[in-house]
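In this note's numbering, the protein residues as written are 9 to 189.
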């Protein structure tokens with residue numbers, strides 16, 4: 009039995025100008041709405057896992073769904089909001105007038121989130137509980153299909169990996185942060 013976790017492809021959203029936090033929320037919405045770039049070549053190991061899978065699971069976000077179709081459009085696919093990426097918190101008021109690149113905003117807010125700040129979003133402890141539920145769902149699907157793939161998101165895949173290991177599953181010690189890995 010095998011569960012493979014793959015990060016979605018690179019988003020088609022390429023806007024990278026400095027923005028205020030109020031605009032960052034809109035940028036995240038665009039990031040979630042956009043699909044991913046189709047590549048001329050995908051990692052061999054990723055293609056092998058998706059081709060061997062009897063079931064592919066995605067989050068319900070477009071970048072995850074489109075990525076799964078680009079990797080293998082023939083495999084049975086299920087989309088579920090349970091596998092969405094962890095959210096980023098609303099910014100503290102002190103940061104509202106600062107303009108930063110979207111990736112810088114994401115890093116700052118993710119660090120705040122890991123430090124326990126979860127203003128208006130799912131907390132780290134709530135995300136861990138959701139990851140535990142997601143891991144169990146993946147195991148249930150694996151019991152039926154033997155080999156499955158989740159085309160998901162970087163941070164949530166990392167949380168799921170930790171939960172699977174707690175449940176006795178073996179795998180790589182670190183999940184890949186690169187797209188398509």
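Idealized CB from N, CA, C, for every residue including glycine.
Next item on the list: Quickly, what does DSSP pair residue 85 with across the bridge? List them, please.
Entry: Taking the first residue of the chain shown as 1, we reach residue 85 at position 77. For residue 85, which the question treats as bridged, DSSP gives the partners 64.
Notebook entry, point to check: Of the choices 14, 37 and 143, whose alpha-carbon is the least far from that of residue 20?
Noted result: As a first step, residue 20 is located in the chain shown; it is residue number 12 there, counting from the start. Answer by Cα proximity: 37.
Next item on the list: Just mark residue 71 as buried or exposed, buried being the case when its beta carbon has 16 or more other beta carbons within 10 Å.
Entry: Locating residue 71 in the chain shown gives position 63, counting from the first residue. It is buried - the Cβ of residue 71 has at least 16 other Cβ atoms within 10 Å.
Check: In three-state DSSP terms, what is residue 171?
Finding: Along the chain shown, one-based indexing puts residue 171 at 163. Three-state result, residue 171: helix.
Notebook entry, point to check: For residue 93, is the classification buried or exposed, using 16 other Cβ atoms within 10 angstroms of its Cβ as the cut-off for buried?
Noted result: Locating residue 93 in the chain shown gives position 85, where the first residue counts as 1. It counts as buried.
Checklist line | Unbroken alpha helix (DSSP H) run spanning residue 120, endpoints | finding: Position 112 of the chain shown, counting from 1, holds the residue named residue 120. Residue 120 -> alpha helix (DSSP H) spans 110 to 122.
Notebook entry, point to check: When DSSP labels each residue in this structure, what does residue 157 get in the three-state scheme?
Noted result: Indexing the chain shown from 1 puts residue 157 at position 149. Residue state, collapsed to three classes: strand.
Next item on the list: Specify the secondary structure class of residue 21 as computed by DSSP and reduced to three states.
Entry: Counting from 1 along the chain shown, the entry for residue 21 is found at position 13. It is coil, neither helix nor strand.
Margin query: DSSP has residue 12 in a bridge; who is on the other side?
Written below: Here residue 12 is taken as the residue at index 4 of the chain shown, counted from 1. For residue 12, which the question treats as bridged, DSSP gives the partners 157.
Note to self: For residue 178 and residue 9, I'd like the C-alpha separation in whole angstroms.
What the structure shows: On the chain shown, residue 178 is found 170 positions in, with the first residue counted as 1. On the chain shown, residue 9 is found 1 positions in, with the first residue counted as 1. In this structure, the alpha-carbon of residue 178 lies about 11 Å from that of residue 9.
Notebook entry, point to check: Among all the DSSP beta bridges, which residues are the ones paired with residue 107?
Noted result: The sequence position of residue 107 within the chain shown is 99, counting from 1. Beta-bridge pairing links residue 107 to 28.
Note to self: Suppose you measure from the CA of residue 62 to the CA of residue 139; what does that come to, to the nearest Å?
What the structure shows: Numbered from 1 along the chain shown, position 54 holds the residue referred to as residue 62. Numbered from 1 along the chain shown, position 131 holds the residue referred to as residue 139. Cα to Cα, the separation comes out at about 22 Å.
Check: In the DSSP assignment, what residue or residues form a beta bridge with residue 44?
Finding: Working through the chain shown from its first residue, we reach residue 44 at position 36. Per DSSP, 19.
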